[in-house]
Amino acid sequence: MDHLLEVLRVSVDNAQRKAATVRLQHLQSQDPSLFLDHTWAGISSPAVSLEERFFLCSVVAAFVEGSWHHGVPAALQAAVLHRYSDFVVHTRLPSLGFARKLAGITALMAKRGAGRAQPRGLPPLLDSLASTYANALTDACGGEIAVDGGGGGQAVSLFFHSGC
């Protein structure tokens, strides 16, 4: 898989790139877990150059756009989303651009998730992502979350004890 990704990253030969794309798509469809674990190892590693990490993020985003909803089991979707959202929230990232790229991937994963929402609720992956980010925000700012389920809808208010 490293060879295929390297060809896609640096090759200028269109025939090579097309062949690598077809082989990578085949590997992704055969074992999405292997692909996601492999790309995660590079994205999360500070030893990998930032340029390569951005490239891997782009490959994962393209995979999520095309194959996430039907090609990845719901349990794997939840595990991968949790892994990425925790990384965004708890890791000091090397650049704001990289943080935005990762946050964009988590949003895309949540949006394209296979779960259905309950009436007046969020789909499970989107709910999980929103909860992760809201909890991180309240932890960072010393706040608390108040949920009001009355009136037919659910409202969430954040109360901050100190300035953020």
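Be aware that the sequence shown starts at 220, since it is given in our numbering, and climbs by one per residue. Note that the Cβ used here is the ideal one computed from N, Cα and C, for glycine as well. From a predicted model like this one, the values you see are computed outputs, not experimental measurements.
Contact between R331 and V283 holds: CB atoms are separated by about 6 Å, below the 8 Å threshold. Looking at the backbone, the Cα of R311 and that of F273 are separated by about 16 Å. At the C-beta level, L348 and S304 come within 7 Å of one another.
Assigned with DSSP and collapsed to three states, Q247 falls in helix. DSSP, read as helix, strand or coil, puts D358 in helix. The criterion of a C-beta distance shorter than 7 Å is not satisfied by L344 and L295. CA-CA distance, A355 to V308, rounds to 7 Å. Secondary structure note for M328: its alpha helix (DSSP H) is the uninterrupted segment 315 to 330. Judged by DSSP in its simplified three-state form, G290 adopts helix. If the five residues before and after P342 are omitted, its C-beta is found closer than 8 Å to the C-beta atoms of A329, G332, G334, R335, A336, all from its own chain and listed in chain order. A direct Cα-Cα distance of roughly 20 Å separates P251 from S264. Looking at the backbone, the Cα of V241 and that of T357 are separated by about 44 Å.
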